[in-house]
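Scroll down for the structure; my scribbles are underneath it.
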Amino acid sequence: MRFDSEFDFIVSGAGSAGCAVAGRLAESGKYRVLLLEAGPRDSAFWIKVPMGYPMLFTNPKVNWMFESEPEAELNGRPMYNPRGKVLGGTSSINGMLYIRGHPTDYDTWVQLGNPGWSWQEVLPWFKKAEDQARGPDAYHGTGGPLAVSDQPDPSPVALAIIEAAKQADIPANPDFNGARQEGAGLFQTTTRNRRRCNSARAYLSAAGRNLRVDTGAHATRLLFQGRRAVGIEYRRDGRILRTRARHGVVVCGGAFGSPQLLQLSGIGPADHLRGHGIEVLHDLPGVGANLRDHFYCSLIFRCREPVTINELARSPLRKAIAGAQYVLARRGPLAANGIFAGIFTRTDETRDRPNLQINTNIWSVASRDRRGMRVHDFPGFTMSPVHLDPVATGEVRLRSADPFADPVIRHNFFRDELDRMAMANAVRITRHIAGQPALARYMAEEIRPGPELRTQAEIIDWLRGNGIANLHPVGSCAMLPLAAGGVVDHRLRVHGIAGLYVADASIMPRLPAGNTNAPSIMIGERCAAMVLEDMAQGVAPGMKGAA
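Everything in the sequence shown is counted per the working numbering, starting at -13 for the first residue and increasing by one.
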């Protein structure tokens, strides 16, 4: 097999985890690392601006803009799945919320057959990655590459929502990533000096000369000698290139991209691969299975006072003023993400931990899909209940053997009665909070779903037409024992293949209770450390994975 170049390690996908893996491997000073990214560099203005992410929601230059198959239980609606196609991946286009999840999430991973992933064992890696603006404590670190900070100038509506939650018997919580998750408080974000700190900014600048980053490089398949990964094939500038990896390949394409690349390379469900004319290297049924995502909806309220982002978005003059404020002084509405307040609680008292996250946006959207976002023509705010532990599982499959075709994505949302009941309760709880006296100053009326919808059956029917994916896909290359449908073992080695790792949200066997960017970065940190441990001990990476 002829190669165009050679590196010690190749990392495919420069997203939340991929940048962490590549940066840490390269900064060790011992190995040359190639990081491949299909999208461009993260130089666009709106990537840097905290309030810029709505401008990236449907921008094909930096966004894969995936769409699922029609969802049978959601009135046949496909789910829009924006994913970052840019250096930094989705950490370059997301809302920047820094949430780790609940400690029992990680203890559950251990119970599923993954030693070394308990809360007490992953906490040091969260802290290592973190540069916490509040300073260090038992739960937080400083001096790490990933900046975490409080947002400036919280909206008075957000502060009123926190007070309303307290009036609804939900306690205040100053730190969702501290001693407890449950409660109402202000979100922190991955920002430094009021500028987005994506994974690329965090990890790549300190990597030094041992790291080469190739953007515009679309991976088409992995290369093998027998059952050992030895390189990768990719297209860049119209050319098909092959690069050899002396020691290993780390796939970091995310919950949609990683299973797609494995299947294109002959690793996955044998019948599915043969159906697309792909030679089967390793029959691994778990590849693409176990896809999970949070599910949510948006309750929209008309605001009595003109204190929301809607007024800014509708006025060219106000937009110009806000732009000048940010460019000249990094102040004003563009300096924060507009999602100030959050609530973690339970949909019923039988739960032993939060299964509901309510995000509060200081704007309201009339439409949101592949065509873009359009805000309402009145002051509005949104309370979005998110179901954190849905039963639903889906899959990621090949549409064809063409590596440039989007994968087939099936979420299978709302099929289970437990999921429907949880979301109906989530709407009820959100309305209860919204009806508290603390919000009376700002609450004019409920616009969506609307006060006429009251019964559980009416709410569930409304959810079928309005509930959507929360854009936190995980699980499609699950870290589980082989017999349990796993794709990687507890050291992120692909079962049955030597020299091949997967490190991104796709390896999470279950959803964390919260946003997935911080856990993905933690996974990248851990993967790099595991690879370096193997090399230091003289164990060729992934050798135990070969069968």
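All C-beta atoms, glycine included, are put in the ideal place defined by N, C-alpha and C.
C-alpha gap between residue i and residue j, whole angstroms
i: F(-7); j: K16; result: 12 Å
i: D447; j: Q118; result: 43 Å
i: S386; j: E219; result: 18 Å
i: A12; j: P393; result: 31 Å
i: M41; j: M(-13); result: 44 Å
i: D123; j: V134; result: 14 Å
i: R178; j: D402; result: 41 Å
i: G252; j: A464; result: 17 Å
i: Q343; j: R288; result: 22 Å
i: Y125; j: A310; result: 37 Å
i: M516; j: I509; result: 10 Å
i: H262; j: A256; result: 10 Å
i: V313; j: L303; result: 15 Å
i: V19; j: R221; result: 18 Å
i: R86; j: G358; result: 29 Å
i: W349; j: D161; result: 24 Å
i: G129; j: K114; result: 8 Å
Contacts around residue i, its chain only, beta-carbon distance under 6 Å, and the 5 residues preceding and following it disregarded
i: Q153; result: Q422, A424
i: P64; result: E53, S54, P56
i: G38; result: W32
i: A188; result: P131, L132
i: F364; result: R288
i: L21; result: V(-3), A0, A8, V199
Coarse secondary structure for residue i, derived from DSSP in three states
i: N67; result: strand
i: F31; result: helix
i: T416; result: helix
i: N503; result: helix
i: P371; result: strand
i: C513; result: helix
i: G531; result: Caution is warranted here: a pLDDT of 44 is assigned to G531, below 50, making its placement in the model unreliable, and the coordinate value is therefore given only provisionally. G531 falls in the helix class under three-state DSSP.
i: D(-10); result: coil
i: R166; result: coil
i: T177; result: strand
i: N323; result: coil
i: V143; result: helix
i: P353; result: It should be noted that the sequence gives Ser, not Pro, for residue 353. S353 falls in the strand class under three-state DSSP.
i: D539; result: A question about residue 539 goes unanswered here, because the residues of the chain that appear run from -13 up to 533.
i: N184; result: coil
i: L468; result: helix
Beta strand (DSSP E) segment containing residue i, residue limits
i: T201; result: 197 to 201
i: T346; result: 342 to 347
Beta-carbon separation (whole angstroms), residue i vs residue j, contact threshold 8 Å
i: A186; j: G169; result: Not quite, the Cβ-Cβ distance comes to about 32 Å (not below 8 Å), so this is no contact.
i: V236; j: F(-5); result: 7 Å
i: F281; j: A455; result: 7 Å
i: G272; j: V488; result: Rounded, the Cβ-Cβ distance is 11 Å, inconsistent with contact.
i: H373; j: N347; result: Not confirmed; about 18 Å, so no contact.
i: A6; j: E23; result: Between E23 and A6 the Cβ distance is about 14 Å, and since that is not below 8 Å, they are no contact.
i: N503; j: T176; result: 7 Å
i: L298; j: P36; result: Contact doesn't hold; Cβ gap of about 14 Å is too wide.
i: R462; j: G239; result: The residue you asked about is not Arg; residue 462 is Ser in the sequence shown. The Cβ separation is near 10 Å, so there is no contact.
Host alpha helix (DSSP H) of residue i (start-end)
i: C5; result: 2 to 13
i: V474; result: V474 -> no alpha helix (DSSP H), and no H or E assigned at all.
i: G240; result: 240 to 250
i: F112; result: 105 to 115
i: R450; result: 442 to 452
i: G261; result: 256 to 261
i: S386; result: Per DSSP, S386 belongs to no alpha helix (DSSP H) and is neither H nor E.
i: V313; result: 302 to 315
C-beta neighbour in chain B for residue i, strict 8 Å
i: T229; result: Absence of chain B from the displayed structure is noted, only one protein chain being present.
Contacting residues, own chain, Cβ-Cβ under 7 Å from residue i (five flanking each side not counted)
i: E265; result: G252
i: Q174; result: Y84, V134, S135, D136
i: P292; result: P365
Contacting residues, own chain, Cβ-Cβ under 8 Å from residue i (five flanking each side not counted)
i: R417; result: L285, E432
i: R332; result: E168, R339, P340, N341, L342
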